[in-house]
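Colleague: Got a structure for you, questions after.
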Amino acid sequence: MSKLQDWKKDRGEAPGVTPVALHEHRILVANRGEIAMRIMRSCIKLGVAFTAVYTAEDAASGHVRLAREKGGEKGLFRVSSYHDANELMAVADEAGCTAVHPGYGFFAEDFRFARRVTKRDRKMIFIGPSWKIIRELGDKINTKRLARSLGVPTVPGSDRPIYDELEAERIAKSVFDFQEQQGIQRPLVLVKASAGGGGMGIEEVYDPDQFRSVYRRIRNYAMRQFKDEGVLIEQRITDFNHLEVQVISDRSGRNPVHFGTRNCSIQSTGLQKRVEIAPGFAPETLEYSFNAERVLTDIVDYSLTMARKVGYDNVGTWEWIVTRKGEPFLMEVNTRIQVENGVSACISRVHGREGVDLIAEQIRTGLGQPLGYTQEDIATEGVGIEYRLIAEDPDNNFTPWVGRIERFAWEEAPWLTMLTHVPCDAPYEIPTEFDPNLALAIIWGRDLHEAQARGLTFLNSLRLEGSNNAGEALKSNVGFLKANTGRILHF
Amino acid sequence: MIDISALLDEIKASPYREIVIATPHTGRLTFAGLRTGDTVLGPQGQWKEKPGTQLATLERERNPKPICAPEKGEISNLYSELEGQFVEAGTPLAVLRHMLTREEVLRLILQKALHLFCAPERAKYYFTPEVDKKIRASDAHSVAVRDGMEILIMSRMKREVPLHYRGPDGVIYEVYFKYNENVDAGAPLIGVCPRDQLSAIQEVIMRVQTEWKDRG
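Residue numbers (numbering that gives the first Met the number 0), protein chains in the order written: chain A, 0 to 490; chain B, 0 to 215.
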């Protein structure tokens with residue numbers, strides 16, 4: 000067996016399969032809303048056919064409309080749930096799909112689903128890393144162990160999921176004691192659902208007496224949402240910035256490149272990202288108490304070291320915590336495309352050209368094409384800001400607002416990209432089954448100040464109006480986004 | 000007190016319910032050979048362990064799933080043109096005319112007699128762990144509720160908030176929501192009976208039991 004076949008067998012792929020031309024593929028878009036629309040647009044750009052799915056609640060969503068217009072025959076199916084793998088497989092077979100794109104959320108980080116797609120009788124390609132890599136890095140605890148073995152710094156705390164209440168309390172106590180010894184004024188412990196991701200099922204405890212009730216709440220939540228009771232207990236690092244490194248590699252897994260860093264420190268109280276900026280810091284414009292350039296180089300190097308070690312073979316994001324002293328800690332690896340990939344794409348230039356589309360790159364390399372460029376061919380220019388527009392009440396714990404959107408309009412500009420599944424020409428009822436994101440606005444500027452000014456211009460031009468059954472006016476986070484634009488990239 | 004006779008007369012005027020049977024998921028559909036006008040049975044047995052009359056088979060991923068009648072009734076419409084086709088989730092395949100039973104009439108009337116605590120938003124609802132434990136241990140009647148008590152968890156858009164009970168003190172008499180199913184805003188979640196009205200409620204039940212005769 001040749002080395003290539005060896006490698007393919009290793010990844011659960013059939014040996015000797017010759018890559019098929021892009022236009023002979025059909026991709027099942029196993030997601031909804033904005034990301035489904037982005038995947039479909041990238042498919043159209045690459046000349047790949049696609050099939051989309053939707054549920055009854057989503058009938059008015061923009062992704063359904065786009066699939067009806069551009070999907071052609073067998074381009075759209077109604078399913079009972081986006082969470083039902085049988086449903087997706089049945090539709091894929093009926094439509095003759097050759098690959099599945101999971102987007103983010105739902106099945107994106109489910110190694111069992113990825114394995115099923117590639118191992119079933121009628122095999123398909125899972126557009127994402129191979130299932131073994133998802134299994135290895137999707138587990139926060141395993142990632143932590145791997146990182147520690149490579150000398151990559153991680154956050155102090157438990158390195159396996161805790162299922163036992165007494166043991167959980169013991170670990171929490173030791174983390175509290177450790178912080179007290181360190182002279183930390185307000186020691187905090189973080190309780191996380193081990194199977195969670197994207198800020199879901201995370202709560203902090205400041206009083207050791209409160210630990211048990213928080214632990215139980217998170218455990219119940221994890222059981223309901225992820226069907227796994229495992230809980231992680233960590234030291235809560237306050238006063239930090241949340242950075243990310245965007246990595247991409249082709250199926251060879253040997254030449255990962257990065258598309259720079261992002262800063263996602265502006266979050267809601269529920270630890271959900273609200274504003275994302277690329278690059279991660281702006282040392283040429285702002286002053287930091289540490290060597291910011293050095294931190295950015297370090298986290299990129301650490302991330303690529305880990306990617307090389309596991310043979311990472313698609314897009315992924317390494318998430319980092321950077322403390323005020325400039326110490327980076329690896330938090331987790333997201334083995335999928337992220338919501339905020341567009342903000343890195345907008346400042347990236349490959350061979351000096353604009354218009355980088357990371358989702359198209361993900362599909363292309365996922366289907367077996369080589370990357371076709373190296374790190375030297377990638378450069379960045381300017382600063383990108385992404386705002387997540389959400390109907391929610393920032394004054395009341397960011398509670399989602401539910402109702403009907405009656406007016407949604409903004410001023411177009413060459414530096415602005417709006418990504419939304421909310422139709423602008425008809426009222427739209429916000430479905431309550433899914434997360435409350437309405438739109439992503441990506442803004443580009445030559446430098447930080449220009450990007451900030453353009454961001455405010457956009458937010459001021461935005462009209463977002465609506466009402467609910469009780470006649471109350473729509474609440475949104477636009478005010479929060481405006482108020483936080485000034486502190487972008489400031490530590 | 001409510002006028003039970005008037006309510007019963009109202010129900011007697013149209014003593015049936017039309018049930019649209021839709022496909023629960025996608026798949027290839029094969030009908031079981033029934034025709035419009037045929038009578039079908041709902042689930043039977045002491046614990047409803049025997050499924051109802053099979054209407055069709057839905058095959059997905061080589062797993063054939065029987066689609067059975069949820070209630071006793073008469074098939075008033077059958078979409079037989081779907082035979083052998085790949086159908087989407089939620090495609091209607093038959094309409095069933097179901098005559099109301101005494102229990103259903105009782106539930107309808109009790110909804111008028113009990114104090115209803117309704118869903119403030121469309122969301123999924125769960126009992127708090129303490130209440131859930133009590134209900135599992137005996138039944139809903141054992142749970143006493145007070146005004147302001149934290150009784151339910153409202154889960155929506157992946158976020159959970161506690162929900163406090165508003166209304167008179169009493170015991171939970173009926174639970175109207177199902178685990179993991181969405182409840183529309185304004186739909187009743189639980190029916191509460193104040194302790195001093197327990198005897199009055201018993202009387203309502205007695206009257207329905209004696210005055211309603213099952214048909215069909």
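All residues carry an ideal CB built from backbone N, CA and C; glycine is no exception.
Between which two residues does the beta strand (DSSP E) holding A/A281 run?
Modeller: No beta strand (DSSP E) contains A/A281, which DSSP labels as neither H nor E.
Colleague: For B/C117, write down the residues that DSSP places opposite it in a beta bridge.
Modeller: In DSSP, B/C117 forms a bridge with B/P187.
Colleague: Just mark A/Q361 as buried or exposed, buried being the case when its beta carbon has 16 or more other beta carbons within 10 Å.
Modeller: By the 10 Å Cβ count, A/Q361 comes out buried.
Colleague: B/K132 CB to nearest chain A CB: under 8 angstroms?
Modeller: Not an interface residue.
Colleague: Name the chain A residues that come within less than 8 angstroms of B/P128, Cβ to Cβ?
Modeller: Near B/P128 (Cβ distances below 8 angstroms), the residues of chain A are R215 and N219.
Colleague: Identify whether B/A248 lies in helix, strand or coil by the three-state DSSP scheme.
Modeller: Residue numbering for chain B in the displayed model covers 0 to 215; residue 248 of chain B lies beyond these limits and cannot be assessed.
Colleague: Rounded to whole angstroms, what's the CA-CA distance from A/K122 to B/L81? Just pull it up for me.
Modeller: Taking the straight line from one Cα to the other gives about 29 angstroms.
Colleague: If you run the structure through DSSP and keep just helix, strand and coil, what is A/A440?
Modeller: Looking at A/A440 - three-state DSSP - the assignment turns out to be strand.
Colleague: So the alpha helix (DSSP H) A/W130 belongs to, where does it begin and stop?
Modeller: Its alpha helix (DSSP H) spans residues W130 to G137.
Colleague: Which runs of the alpha helix (DSSP H) spanning at least 4 residues fall entirely within the segment 348–419 of chain A, listed in chain order?
Modeller: As far as the segment 348–419 of chain A is concerned, its whole alpha helix (DSSP H) runs of at least 4 residues are 357–365.
Colleague: List the residues that DSSP assigns as beta-bridge partners of B/M98.
Modeller: Its beta-bridge partners are B/Y15.
Colleague: Within 10 angstroms of the Cβ of B/K47, are there 16 or more other Cβ atoms? Answer buried if so, exposed if not.
Modeller: With fewer than 16 Cβ atoms within 10 Å of its Cβ, B/K47 is classed as exposed.
Colleague: Is A/P399 buried or exposed, if buried means 16 or more other CB atoms sit within 10 Å of its CB?
Modeller: Its Cβ being crowded by 16 or more others within 10 Å, A/P399 is buried.
Colleague: Using beta carbons (cut-off 8 angstroms, strictly below), is B/F116 in contact with chain A?
Modeller: Answer no: the Cβ-Cβ gap between B/F116 and chain A never drops below 8 angstroms.
Colleague: How should B/I204 be labelled, buried or exposed, when 16 other C-beta atoms within 10 angstroms of its C-beta is the threshold for buried?
Modeller: Counting Cβ neighbours within 10 Å, B/I204 comes out exposed, since fewer than 16 surround it.
Colleague: Could you work out which residue in A/S475, A/G371, A/V477 and A/E164 is closest to A/Y214 when comparing CA atoms only?
Modeller: That would be A/E164, whose Cα lies nearest to the Cα of A/Y214.
Colleague: Is the CB of B/P14 under 8 angstroms away from at least one CB in chain D?
Modeller: Absence of chain D from the displayed structure is noted, the protein chains being A and B.
Colleague: DSSP three-state call for B/Y172: helix, strand or coil?
Modeller: Of the three classes helix, strand and coil, the one that applies to B/Y172 here is strand, per DSSP.
Colleague: May I have a chain-ordered list of the alpha helix (DSSP H) segments no shorter than 4 residues that lie completely inside the segment 51–82 of chain B?
Modeller: Listed in chain order, there is nothing to give.
Colleague: Would you grab the beta carbon distance between A/R31 and A/S60 for me? Rounded to a whole angstrom, and I think it's under 8 angstroms.
Modeller: About 7 angstroms; that satisfies the 8 angstroms criterion.
Colleague: Using the rule of at least 16 other Cβ atoms within 10 Å of the residue's Cβ for burial, across every protein chain shown, is B/V160 buried or exposed?
Modeller: Classification of B/V160: exposed, given that the 10 Å Cβ count is below 16.
Colleague: Residue range of the beta strand (DSSP E) that B/T29 falls in?
Modeller: G26 to F30 is the span of the beta strand (DSSP E), which, as asked, contains B/T29.
Colleague: Along the segment 50–62 of chain B, what residues have a CB closer than 8 angstroms to any CB found in chain A?
Modeller: Within the segment 50–62 of chain B, the qualifying residues are R59, E60 and N62.
Colleague: Quick one: list the residues of chain A neighbouring B/F85, beta-carbon separation under 7 angstroms, in chain order.
Modeller: Those within 7 angstroms of B/F85 in chain A are E93.
Colleague: Using only the alpha-carbon positions, how far apart do B/P63 and B/L57 sit?
Modeller: Rounded to whole angstroms, B/P63 to B/L57 spans 6 angstroms at the Cα level.
Colleague: What in chain B is Cβ-close to A/R77, meaning under 7 angstroms?
Modeller: Those within 7 angstroms of A/R77 in chain B are E87, A88 and G89.
Colleague: So, with DSSP's three-state summary, where would you put A/L480?
Modeller: Helix.
Colleague: Buried or exposed for A/H62, please, with buried defined as at least 16 other CB atoms from any protein chain shown within 10 angstroms of its CB.
Modeller: When all chains shown are included, A/H62 counts as buried.
Colleague: When you compare each of A/E411, A/P435, A/T142 and A/L447 to A/I459 by their alpha carbons, which one comes out closest?
Modeller: Rather than Ile, the amino acid found at residue 459 of chain A in this sequence is Asn. Among A/E411, A/P435, A/T142 and A/L447, the Cα nearest to that of A/N459 belongs to A/E411.
Colleague: Three-state secondary structure (DSSP) at A/I161?
Modeller: It is a strand residue.
Colleague: Tell me B/E129's beta-bridge partners as DSSP assigns them.
Modeller: Answer is none; B/E129 lacks a bridge partner.
Colleague: Let's test the definition: count the other Cβ atoms within 10 Å of the Cβ of A/P14 and tell me whether it reaches 16, buried, or not, exposed.
Modeller: Annotation note: pLDDT 42 at A/P14 (below 50); position unreliable, coordinate value reported separately. Classification of A/P14: exposed, given that the 10 Å Cβ count is below 16.
Colleague: Between B/G190 and B/H140, how many whole angstroms is the CB-CB distance? I'm expecting something under 8 angstroms.
Modeller: About 11 angstroms; that fails the 8 angstroms criterion.
Colleague: If you reduce the DSSP assignment to three classes, tell me which class A/L461 lands in.
Modeller: Here A/L461 sits in coil by DSSP.
Colleague: Pull up the CB-CB distance for A/M330 and A/E318, whole angstroms please, since I reckon it's below 8 angstroms.
Modeller: Sure, about 4 angstroms apart at Cβ, within 8 angstroms.
Colleague: Are the C-beta atoms of A/E86 and some chain B residue less than 8 angstroms apart?
Modeller: Yes - at least one Cβ of chain B is within 8 angstroms of the one on A/E86.
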